[in-house]
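Peer 1: Please find one structure pasted underneath; my questions will follow.
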Amino acid sequence: MFENVLLATGGEAASDRATDHAIELAAHHDATLHVLYVVDSDVYDAYSGDEYVDGREGPEHGLEEVGEEAIAAVSERAADRGVDVEGHIEHGQPPETIVEFAREAGVDLVVLGTRRRPDEYRSLLGSVTDRVLRLAEMPVTVVKTPVEP
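Numbering follows the working numbering, in which position 4 of the sequence shown is assigned residue number 4; successive positions increment by one, without gaps.
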């Protein structure tokens with residue numbers, strides 16, 4: 001049923017359960033698992049450029065490094081299940097970039113993680129997951145991470 005599954009990850013704890021779910025789906029359907037990390041252009045465009053981050057110039061490089069580590073961690077977990085992984089780092093605004101990538105890659109299913117945030121946070125900053133759900137034409141599975149006490 002699924003040939004290409006996309007896991008969009010930020011490498012944070014909210015992605016852990018989504019990662020497990022995406023790997024299991026890809027293994028069950030013998031699908032390729034695409035792992036996408038989006039370097040948020042709003043973050044590095046707002047940077048003044050006056051300092052160095054992680055030994056390199058600008059936050060863009062530090063964010064790419066976080067993405068590489070996140071993709072490597074998913075790839076390692078997927079290898080244990082015999083799942084083929086293709087890692088991708090894209091630049092842009094996360095919701096739009098995720099949907100555009102999924103469309104262009106011919107993805108059958110997008111898997112995203114989410115966790116409960118205060119209403120004030122969501123009203124001010126929104127949610128990548130909420131926006132992807134509104135923009136995507138393809139099926140999207142949202143895997144919730146329980147709130148830690």
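All C-beta atoms in this analysis are idealised placements derived from N, C-alpha and C, irrespective of residue type, glycine included.
So what does DSSP say about aspartate 84, is it helix, strand or coil?
Peer 2: It is coil, neither helix nor strand.
Peer 1: What three-state label does DSSP hand glycine 55 in the structure shown?
Peer 2: Residue placement at glycine 55 cannot be trusted, given a pLDDT of 49 that sits under 50; what the coordinates show is reported in the next sentence. In the structure shown, glycine 55 sits in coil (DSSP, three-state: anything other than H, G, I, E or B).
Peer 1: Where aspartate 40 and histidine 91 are concerned, what is the direct C-alpha to C-alpha distance, given to the nearest angstrom?
Peer 2: For aspartate 40 and histidine 91, the distance between alpha carbons rounds to 6 Å.
Peer 1: Work out the CA separation of aspartate 30 and alanine 102 for me, nearest whole Å.
Peer 2: The straight-line gap from Cα to Cα measures roughly 18 Å.
Peer 1: Would you mind giving the Cβ-Cβ distance between valine 38 and isoleucine 71, rounded to the nearest angstrom? I have them listed as a contact below 8 Å.
Peer 2: Contact doesn't hold; Cβ gap of about 12 Å is too wide.
Peer 1: Considering only their Cβ atoms, is the gap separating valine 110 from alanine 136 smaller than 9 Å?
Peer 2: In this structure, valine 110 lies closer than 9 Å to alanine 136 by Cβ.
Peer 1: Skipping 5 residues on each side, what residues in its chain have a beta carbon closer than 6 Å to that of arginine 122?
Peer 2: Unreliable placement is indicated for arginine 122, whose pLDDT of 49 sits below 50; the coordinate value is still reported in the next sentence. Excluding residues within five positions, none has a Cβ falling inside 6 Å.
Peer 1: Valine 143 to alanine 22, Cα distance in whole Å?
Peer 2: Each residue's Cα considered, the two are about 9 Å apart.
Peer 1: Could you work out which residue in Thr97, Thr145, Gly106, Ala105 is closest to leucine 133 when comparing CA atoms only?
Peer 2: Measuring from the Cα of leucine 133, the nearest candidate turns out to be Thr97.
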